[in-house]
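Below is one structure, written out as C-alpha coordinates; comments come after it.
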Amino acid sequence: MPQYLILLSLATLQNLIQYKQELQSNSMKPGHYLQKNLDLLLQKGIDIKNTTVEQFLQLLLSTKKTICFAESEVVGDGSDWNYSELRILGEISIAMATEVYDNGVWGIYEKTFRTHEPPISATLVFTPGPLLYGYNFQGTTPDLDDIYERRQIDQNKYTKLIERRLLPVLLYINESAKTQGKKAIVVLPGIGCGAFAGKFKGSMGEFLNKALQTILEEFGIHFKNIVCVRFDPFEECTDFERIIQGVKYRVRRNIGPMGKSQLCCVTDYEETEGEFTDCIFYKVVAWDHVSLPGNDYFKGSRNTDDGVTGAATNSMELITNVKGRYVNGYYLPPEGYRTWEGVAKKHNTKLTVDGNVKVATHNGILVDLKDISENK
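The numbering of the sequence shown is numbering that gives the first Met the number 0, which starts it at 0 and goes up by one.
Shown next as C-alpha coordinates:
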(Lines of atoms letter the chains of each structure in order from A; the text may use other names.)
(Lines give C-alpha, C1' and ligand atoms only; values in the text may rest on other atoms or scores of the structure.)
Protein backbone atom coordinates (compact mmCIF):
# COMPACT_ATOMS: atom_id res chain seq x y z
CA MET A 0 0.00 0.00 0.00
CA PRO A 1 1.37 3.48 -0.84
CA GLN A 2 2.53 5.70 1.99
CA TYR A 3 0.45 8.62 0.76
CA LEU A 4 -3.20 9.45 0.09
CA ILE A 5 -4.79 11.05 -2.99
CA LEU A 6 -7.40 13.76 -2.35
CA LEU A 7 -9.93 15.43 -4.64
CA SER A 8 -13.32 17.14 -4.50
CA LEU A 9 -16.62 15.69 -5.67
CA ALA A 10 -16.75 18.39 -8.38
CA THR A 11 -13.35 17.26 -9.67
CA LEU A 12 -14.49 13.64 -9.63
CA GLN A 13 -17.54 14.64 -11.68
CA ASN A 14 -15.25 16.37 -14.20
CA LEU A 15 -13.15 13.20 -14.35
CA ILE A 16 -16.24 11.05 -15.01
CA GLN A 17 -17.48 13.47 -17.68
CA TYR A 18 -14.09 13.45 -19.41
CA LYS A 19 -14.03 9.64 -19.39
CA GLN A 20 -17.48 9.61 -21.02
CA GLU A 21 -16.34 12.12 -23.65
CA LEU A 22 -13.38 9.92 -24.55
CA GLN A 23 -15.61 6.83 -24.71
CA SER A 24 -17.98 8.59 -27.13
CA ASN A 25 -15.06 9.96 -29.19
CA SER A 26 -16.31 13.51 -28.67
CA MET A 27 -12.91 14.37 -27.16
CA LYS A 28 -9.39 13.34 -28.12
CA PRO A 29 -6.93 12.53 -25.31
CA GLY A 30 -3.64 14.33 -24.89
CA HIS A 31 -0.48 12.65 -26.18
CA TYR A 32 0.60 11.08 -22.88
CA LEU A 33 -2.85 9.76 -22.00
CA GLN A 34 -3.21 8.37 -25.53
CA LYS A 35 0.00 6.38 -25.03
CA ASN A 36 -1.40 4.90 -21.81
CA LEU A 37 -4.71 4.06 -23.51
CA ASP A 38 -2.82 2.39 -26.38
CA LEU A 39 -0.90 0.22 -23.91
CA LEU A 40 -4.22 -0.73 -22.34
CA LEU A 41 -5.66 -1.69 -25.73
CA GLN A 42 -2.65 -3.92 -26.36
CA LYS A 43 -3.83 -5.89 -23.31
CA GLY A 44 -7.29 -6.13 -24.84
CA ILE A 45 -8.87 -3.56 -22.52
CA ASP A 46 -10.92 -0.66 -23.90
CA ILE A 47 -11.50 2.54 -21.92
CA LYS A 48 -15.21 1.62 -21.76
CA ASN A 49 -14.27 -1.37 -19.62
CA THR A 50 -12.30 0.62 -17.04
CA THR A 51 -13.62 1.90 -13.73
CA VAL A 52 -13.31 5.56 -12.81
CA GLU A 53 -10.54 4.56 -10.41
CA GLN A 54 -8.64 2.80 -13.19
CA PHE A 55 -9.12 5.80 -15.48
CA LEU A 56 -7.74 8.09 -12.77
CA GLN A 57 -4.70 5.81 -12.59
CA LEU A 58 -4.17 6.20 -16.34
CA LEU A 59 -4.38 9.99 -16.04
CA LEU A 60 -2.09 10.28 -13.01
CA SER A 61 0.42 8.03 -14.77
CA THR A 62 0.92 10.79 -17.37
CA LYS A 63 2.71 12.88 -14.73
CA LYS A 64 6.42 13.38 -15.28
CA THR A 65 9.00 13.03 -12.52
CA ILE A 66 9.98 16.65 -13.14
CA CYS A 67 7.92 19.16 -15.12
CA PHE A 68 7.46 22.90 -14.62
CA ALA A 69 3.95 23.74 -15.77
CA GLU A 70 4.63 27.47 -16.15
CA SER A 71 7.45 26.92 -18.66
CA GLU A 72 7.07 23.46 -20.22
CA VAL A 73 3.39 22.60 -20.67
CA VAL A 74 1.81 23.34 -24.08
CA GLY A 75 -1.72 22.20 -23.26
CA ASP A 76 -2.96 21.72 -26.83
CA GLY A 77 -2.99 17.92 -26.70
CA SER A 78 0.61 17.51 -27.83
CA ASP A 79 1.35 16.76 -24.17
CA TRP A 80 -1.83 17.18 -22.12
CA ASN A 81 -5.13 18.69 -23.16
CA TYR A 82 -7.33 21.29 -21.49
CA SER A 83 -9.56 18.79 -19.65
CA GLU A 84 -6.62 16.78 -18.33
CA LEU A 85 -4.83 19.83 -16.96
CA ARG A 86 -8.01 21.07 -15.31
CA ILE A 87 -8.43 17.75 -13.49
CA LEU A 88 -4.76 17.23 -12.61
CA GLY A 89 -4.57 20.72 -11.09
CA GLU A 90 -7.26 19.80 -8.58
CA ILE A 91 -5.70 16.65 -7.12
CA SER A 92 -3.64 16.71 -3.91
CA ILE A 93 -1.30 14.18 -2.27
CA ALA A 94 -0.97 13.83 1.52
CA MET A 95 1.84 12.02 3.35
CA ALA A 96 3.16 11.79 6.92
CA THR A 97 6.88 12.58 6.91
CA GLU A 98 9.98 13.07 9.00
CA VAL A 99 11.31 16.64 8.83
CA TYR A 100 15.04 17.24 9.20
CA ASP A 101 15.30 21.04 8.97
CA ASN A 102 13.15 24.16 9.14
CA GLY A 103 12.68 24.63 5.40
CA VAL A 104 14.80 27.76 4.89
CA TRP A 105 15.74 27.61 1.21
CA GLY A 106 19.45 28.39 1.61
CA ILE A 107 21.33 26.10 3.99
CA TYR A 108 23.90 28.85 4.64
CA GLU A 109 21.29 31.44 5.64
CA LYS A 110 21.53 32.46 9.28
CA THR A 111 17.97 31.30 10.02
CA PHE A 112 18.58 27.75 8.74
CA ARG A 113 18.20 25.16 11.50
CA THR A 114 18.21 21.36 11.57
CA HIS A 115 15.79 19.37 13.72
CA GLU A 116 17.63 17.00 16.03
CA PRO A 117 15.92 14.64 16.42
CA PRO A 118 13.69 15.01 13.33
CA ILE A 119 10.13 16.22 13.86
CA SER A 120 6.93 14.85 12.34
CA ALA A 121 4.77 16.70 9.83
CA THR A 122 2.10 15.74 7.35
CA LEU A 123 2.62 17.33 3.94
CA VAL A 124 -0.19 17.95 1.48
CA PHE A 125 1.05 18.70 -2.04
CA THR A 126 -1.51 20.94 -3.78
CA PRO A 127 -1.15 22.75 -7.14
CA GLY A 128 -1.82 26.47 -7.18
CA PRO A 129 -3.85 28.02 -10.02
CA LEU A 130 -1.81 28.08 -13.24
CA LEU A 131 -2.63 31.44 -14.81
CA TYR A 132 0.27 31.64 -17.24
CA GLY A 133 2.47 29.31 -19.25
CA TYR A 134 5.43 30.42 -21.35
CA ASN A 135 4.72 27.72 -23.95
CA PHE A 136 1.00 27.36 -23.28
CA GLN A 137 -1.25 27.50 -26.32
CA GLY A 138 -4.28 29.64 -25.51
CA THR A 139 -5.70 30.42 -22.08
CA THR A 140 -4.96 28.01 -19.25
CA PRO A 141 -7.96 26.16 -17.75
CA ASP A 142 -7.37 27.80 -14.38
CA LEU A 143 -7.40 31.31 -15.85
CA ASP A 144 -10.49 30.45 -17.87
CA ASP A 145 -12.23 29.45 -14.65
CA ILE A 146 -11.61 32.73 -12.84
CA TYR A 147 -11.20 35.47 -15.48
CA GLU A 148 -14.20 37.58 -16.45
CA ARG A 149 -14.51 41.02 -18.01
CA ARG A 150 -10.73 41.35 -18.24
CA GLN A 151 -10.14 40.81 -14.53
CA ILE A 152 -9.93 38.10 -11.87
CA ASP A 153 -13.36 37.37 -10.43
CA GLN A 154 -12.98 36.84 -6.67
CA ASN A 155 -16.03 34.57 -6.36
CA LYS A 156 -14.89 32.30 -9.18
CA TYR A 157 -11.35 32.25 -7.81
CA THR A 158 -12.68 31.29 -4.37
CA LYS A 159 -14.64 28.40 -5.90
CA LEU A 160 -11.48 27.15 -7.63
CA ILE A 161 -9.52 27.33 -4.37
CA GLU A 162 -12.38 25.61 -2.56
CA ARG A 163 -12.19 22.65 -4.96
CA ARG A 164 -8.50 22.31 -4.16
CA LEU A 165 -8.32 23.13 -0.47
CA LEU A 166 -11.60 21.86 0.97
CA PRO A 167 -10.51 18.22 0.50
CA VAL A 168 -7.16 19.15 2.06
CA LEU A 169 -8.65 20.82 5.14
CA LEU A 170 -11.22 18.05 5.62
CA TYR A 171 -8.44 15.48 5.45
CA ILE A 172 -6.31 17.43 7.94
CA ASN A 173 -9.21 17.73 10.36
CA GLU A 174 -10.04 14.01 10.09
CA SER A 175 -6.38 13.00 10.39
CA ALA A 176 -5.85 15.07 13.55
CA LYS A 177 -9.13 13.83 15.05
CA THR A 178 -8.16 10.21 14.44
CA GLN A 179 -4.94 10.82 16.39
CA GLY A 180 -6.77 12.57 19.21
CA LYS A 181 -4.93 15.81 18.44
CA LYS A 182 -5.50 19.33 17.13
CA ALA A 183 -3.87 20.63 13.95
CA ILE A 184 -1.89 23.69 12.98
CA VAL A 185 -1.78 24.23 9.21
CA VAL A 186 0.93 26.24 7.44
CA LEU A 187 0.01 27.33 3.92
CA PRO A 188 2.17 29.14 1.33
CA GLY A 189 0.93 31.40 -1.45
CA ILE A 190 0.01 28.60 -3.84
CA GLY A 191 -0.21 29.96 -7.38
CA CYS A 192 1.05 33.39 -6.35
CA GLY A 193 4.58 33.07 -7.78
CA ALA A 194 5.64 31.95 -11.26
CA PHE A 195 2.19 30.46 -11.92
CA ALA A 196 0.61 33.92 -11.62
CA GLY A 197 2.35 35.41 -14.68
CA LYS A 198 1.28 39.03 -15.18
CA PHE A 199 -0.88 38.78 -12.04
CA LYS A 200 2.12 38.12 -9.80
CA GLY A 201 2.10 40.47 -6.83
CA SER A 202 -1.69 40.65 -6.63
CA MET A 203 -2.81 37.02 -6.17
CA GLY A 204 -1.92 36.86 -2.48
CA GLU A 205 -4.89 39.03 -1.57
CA PHE A 206 -7.25 36.94 -3.70
CA LEU A 207 -6.04 33.84 -1.87
CA ASN A 208 -6.32 35.60 1.49
CA LYS A 209 -10.00 36.39 0.84
CA ALA A 210 -10.68 32.90 -0.52
CA LEU A 211 -9.23 31.23 2.57
CA GLN A 212 -11.39 33.33 4.87
CA THR A 213 -14.51 32.52 2.85
CA ILE A 214 -13.75 28.79 2.98
CA LEU A 215 -13.31 28.96 6.76
CA GLU A 216 -16.55 30.94 7.09
CA GLU A 217 -18.55 28.46 5.00
CA PHE A 218 -16.98 25.17 6.09
CA GLY A 219 -15.35 25.95 9.44
CA ILE A 220 -18.02 23.93 11.23
CA HIS A 221 -16.26 20.85 9.81
CA PHE A 222 -12.82 21.92 11.10
CA LYS A 223 -13.23 21.37 14.85
CA ASN A 224 -9.78 19.80 15.10
CA ILE A 225 -7.96 22.62 13.29
CA VAL A 226 -6.68 25.22 15.75
CA CYS A 227 -4.84 27.53 13.35
CA VAL A 228 -4.40 28.16 9.62
CA ARG A 229 -1.23 30.21 9.13
CA PHE A 230 -1.07 31.73 5.63
CA ASP A 231 2.34 32.91 4.39
CA PRO A 232 1.94 35.04 1.22
CA PHE A 233 5.70 35.82 1.33
CA GLU A 234 5.69 39.58 0.72
CA GLU A 235 2.08 40.20 -0.28
CA CYS A 236 -0.83 41.28 1.97
CA THR A 237 -0.38 42.64 5.49
CA ASP A 238 -0.08 40.65 8.71
CA PHE A 239 -3.56 40.01 10.00
CA GLU A 240 -5.50 37.76 12.37
CA ARG A 241 -9.10 36.82 13.04
CA ILE A 242 -11.01 33.92 14.57
CA ILE A 243 -13.29 32.21 12.03
CA GLN A 244 -15.62 29.45 13.24
CA GLY A 245 -13.21 28.82 16.12
CA VAL A 246 -10.14 28.60 13.84
CA LYS A 247 -7.31 31.10 14.30
CA TYR A 248 -6.67 32.49 10.83
CA ARG A 249 -3.32 34.27 10.62
CA VAL A 250 -1.60 36.02 7.75
CA ARG A 251 2.12 36.08 8.50
CA ARG A 252 4.37 37.27 5.69
CA ASN A 253 7.72 35.53 5.43
CA ILE A 254 9.50 38.87 5.09
CA GLY A 255 7.49 40.49 7.89
CA PRO A 256 8.44 40.84 11.58
CA MET A 257 6.50 37.66 12.43
CA GLY A 258 7.79 35.67 9.46
CA LYS A 259 8.90 32.07 9.85
CA SER A 260 10.01 29.38 7.44
CA GLN A 261 7.44 26.67 6.80
CA LEU A 262 8.91 23.55 8.42
CA CYS A 263 9.52 24.82 11.94
CA CYS A 264 8.61 23.09 15.20
CA VAL A 265 5.00 23.66 16.21
CA THR A 266 6.12 25.72 19.22
CA ASP A 267 8.00 28.13 16.92
CA TYR A 268 4.64 29.23 15.50
CA GLU A 269 3.19 30.01 18.93
CA GLU A 270 2.47 33.69 19.60
CA THR A 271 1.28 33.07 23.14
CA GLU A 272 2.94 30.47 25.32
CA GLY A 273 1.43 27.02 25.05
CA GLU A 274 -1.26 27.95 22.49
CA PHE A 275 -0.37 24.97 20.28
CA THR A 276 0.19 22.43 23.05
CA ASP A 277 -1.05 19.03 21.91
CA CYS A 278 -1.10 20.19 18.27
CA ILE A 279 0.37 18.31 15.32
CA PHE A 280 1.82 19.95 12.24
CA TYR A 281 0.48 20.01 8.68
CA LYS A 282 2.00 21.87 5.75
CA VAL A 283 0.44 22.53 2.37
CA VAL A 284 3.13 22.38 -0.33
CA ALA A 285 2.85 24.41 -3.54
CA TRP A 286 2.93 21.72 -6.23
CA ASP A 287 2.83 21.48 -10.04
CA HIS A 288 -0.02 20.03 -12.09
CA VAL A 289 1.99 17.44 -14.03
CA SER A 290 4.97 16.45 -11.88
CA LEU A 291 5.48 14.04 -9.01
CA PRO A 292 5.48 15.59 -5.51
CA GLY A 293 8.90 17.15 -4.95
CA ASN A 294 9.41 18.12 -8.61
CA ASP A 295 12.63 20.24 -8.47
CA TYR A 296 14.20 18.02 -5.85
CA PHE A 297 14.30 15.01 -8.14
CA LYS A 298 17.23 16.87 -9.74
CA GLY A 299 18.58 17.92 -6.33
CA SER A 300 17.40 21.55 -6.30
CA ARG A 301 16.34 22.98 -2.95
CA ASN A 302 14.58 25.92 -4.64
CA THR A 303 10.78 26.39 -4.72
CA ASP A 304 8.39 25.17 -2.05
CA ASP A 305 8.29 21.76 -3.75
CA GLY A 306 12.07 21.50 -3.86
CA VAL A 307 12.88 22.62 -0.33
CA THR A 308 10.23 20.27 1.04
CA GLY A 309 11.76 17.37 -0.89
CA ALA A 310 15.20 18.25 0.47
CA ALA A 311 14.14 18.77 4.09
CA THR A 312 11.92 15.69 4.55
CA ASN A 313 11.81 12.00 3.65
CA SER A 314 9.00 12.59 1.13
CA MET A 315 11.24 11.17 -1.64
CA GLU A 316 11.30 7.86 0.23
CA LEU A 317 7.52 7.80 0.53
CA ILE A 318 7.02 8.51 -3.19
CA THR A 319 9.67 6.11 -4.55
CA ASN A 320 9.54 3.51 -1.74
CA VAL A 321 13.35 3.75 -1.58
CA LYS A 322 15.03 4.90 1.64
CA GLY A 323 17.60 7.71 1.55
CA ARG A 324 19.56 9.67 4.15
CA TYR A 325 19.64 13.30 5.27
CA VAL A 326 23.02 15.04 5.02
CA ASN A 327 23.63 18.79 5.45
CA GLY A 328 20.31 20.10 4.15
CA TYR A 329 19.59 17.39 1.59
CA TYR A 330 17.71 14.10 1.77
CA LEU A 331 20.05 12.12 -0.46
CA PRO A 332 19.28 9.01 -2.52
CA PRO A 333 21.03 5.73 -1.64
CA GLU A 334 24.54 5.02 -2.84
CA GLY A 335 24.75 4.40 -6.56
CA TYR A 336 22.38 7.25 -7.45
CA ARG A 337 23.32 10.89 -8.01
CA THR A 338 19.74 12.21 -7.82
CA TRP A 339 16.27 10.97 -6.93
CA GLU A 340 15.38 11.27 -10.62
CA GLY A 341 17.61 8.25 -11.21
CA VAL A 342 15.80 6.33 -8.47
CA ALA A 343 12.40 7.21 -9.95
CA LYS A 344 13.47 6.11 -13.44
CA LYS A 345 14.99 2.86 -12.17
CA HIS A 346 11.81 1.95 -10.29
CA ASN A 347 9.39 3.48 -12.83
CA THR A 348 7.82 5.53 -10.05
CA LYS A 349 4.15 6.45 -10.58
CA LEU A 350 1.44 7.57 -8.20
CA THR A 351 -0.72 4.61 -7.15
CA VAL A 352 -4.50 4.97 -7.10
CA ASP A 353 -5.90 1.54 -6.12
CA GLY A 354 -7.89 1.93 -2.88
CA ASN A 355 -5.95 5.09 -2.13
CA VAL A 356 -8.30 7.98 -3.01
CA LYS A 357 -10.55 10.09 -0.78
CA VAL A 358 -13.26 12.34 -2.22
CA ALA A 359 -14.58 15.39 -0.34
CA THR A 360 -18.36 15.65 -0.48
CA HIS A 361 -20.40 18.86 -0.19
CA ASN A 362 -21.48 17.98 3.37
CA GLY A 363 -17.94 17.88 4.71
CA ILE A 364 -17.32 14.14 4.60
CA LEU A 365 -14.39 12.29 3.02
CA VAL A 366 -15.48 9.16 1.15
CA ASP A 367 -13.40 6.39 -0.42
CA LEU A 368 -13.56 6.60 -4.21
CA LYS A 369 -14.35 2.87 -4.30
CA ASP A 370 -17.51 3.53 -2.28
CA ILE A 371 -18.97 6.04 -4.74
CA SER A 372 -21.61 4.41 -6.93
CA GLU A 373 -20.31 5.77 -10.26
CA ASN A 374 -17.09 3.82 -9.74
CA LYS A 375 -18.81 0.43 -9.51
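Each residue gets a CB set at the ideal place from its N, CA and C atoms; glycine is no exception. Source: prediction; values computed, not measured.
Alpha carbons only, please: which of the options is nearest the one belonging to residue i?
i	options	result
Glu-174	His-221, Ala-210 and Asp-267	His-221
Tyr-171	Val-283, Ile-318 and Ile-107	Val-283
Val-246	Phe-233, Thr-65 and Glu-216	Glu-216
Gly-197	Lys-177, Lys-156, Asp-238 and Asp-142	Asp-142
Ala-121	Lys-182, Lys-63 and Pro-167	Lys-182
Asn-81	Gln-137, Ser-202 and Met-257	Gln-137
Arg-163	Ser-26, Glu-84, Ile-66 and Ile-214	Ile-214
Asn-347	His-288, Lys-63 and Tyr-18	Lys-63
Glu-98	Ile-119, Leu-41, Met-27 and Gly-193	Ile-119
Ile-279	Asp-267, Asp-287 and Thr-271	Asp-267
Glu-340	Asn-327, Lys-357, Ser-300 and Gly-354	Ser-300
Glu-205	Pro-188, Ile-364 and Ser-26	Pro-188
Gly-180	Asp-295, Asp-370, Lys-223 and Gly-328	Lys-223
Ile-225	Ser-8, Lys-349, Lys-159 and Val-186	Val-186
Cys-192	Val-265, Gln-244 and Pro-232	Pro-232
Asp-277	Leu-291, Gly-219, Ile-184 and Gly-201	Ile-184
Gly-133	Glu-272, Lys-110 and Ala-194	Ala-194
Lys-369	Ala-69, Gln-151 and Thr-51	Thr-51
Measure the alpha-carbon distance for residue i versus residue j and round it to whole angstroms.
i	j	result
His-361	Asn-14	15 Å
Leu-131	Thr-338	30 Å
Cys-263	Asp-46	48 Å
Leu-12	Leu-60	13 Å
Asn-49	Glu-21	14 Å
Gln-261	Gly-103	6 Å
Tyr-157	Ala-210	7 Å
Gln-23	Leu-37	11 Å
Lys-177	Gly-323	31 Å
Glu-269	Gly-293	28 Å
Thr-65	Ser-314	14 Å
Cys-67	Val-73	8 Å
Val-352	Ile-5	7 Å
Gln-17	Lys-259	42 Å
Lys-35	Val-356	24 Å
Asn-135	Leu-85	14 Å
Phe-106	Gly-328	The question names Phe, yet the displayed sequence has Gly at residue 106. Spanning the two alpha carbons is a distance of roughly 9 Å.
Asp-367	Gly-354	7 Å
Glu-90	Met-203	18 Å
Leu-331	Lys-349	20 Å
Gly-201	Phe-230	16 Å
Asn-374	His-115	Confidence at Asn-374 is low in this model, with a pLDDT of 49, below 50, so the placement of that residue is unreliable and no value is reported for it.
Ser-290	Arg-150	30 Å
For residue i, which residues in the same chain have their Cβ closer than 6 Å to its Cβ, ignoring the five residues on either side in sequence?
i	result
Val-321	Val-342
Arg-113	Asn-102
Phe-55	Lys-19
His-31	Ser-78 and Asp-79
Lys-344	none
Ala-285	Gly-128, Pro-188, Ile-190 and Asp-304
Phe-275	Ile-184, Val-265 and Glu-269
Lys-110	none
Look at residue i and residue j and say whether their C-beta atoms are less than 8 Å apart.
i	j	result
Gly-128	Ile-190	yes
Phe-125	Ser-92	yes
His-288	Leu-165	no
Ala-359	Pro-167	yes
Thr-308	Leu-123	yes
Val-250	Cys-236	yes
Glu-240	Arg-252	no
Leu-207	Ile-161	yes
Opposite residue i in the DSSP bridges: which residues?
i	result
Val-326	Tyr-329
Arg-241	Tyr-248
Ser-8	Ala-359
Tyr-281	Thr-122 and Val-185
Short of 7 Å in beta carbon distance, which residues of its chain neighbour residue i, apart from the five on each side in sequence? Order them along the chain.
i	result
Gln-2	Met-95 and Leu-317
Lys-28	Gly-77
Lys-298	Ile-66, Thr-338 and Glu-340
Leu-336	Looking at the sequence itself, residue 336 is Tyr, so the reference to Leu does not match. Cβ neighbours of Tyr-336 beyond the five flanking positions: Val-342.
Gln-212	Ile-243 and Tyr-248
Can you find the residues in the same chain that come closer than 8 Å, C-beta to C-beta, to residue i, ignoring five residues on each side of it along the sequence?
i	result
Asp-153	Ile-146 and Tyr-147
Pro-117	none
Met-0	Gly-354 and Asn-355
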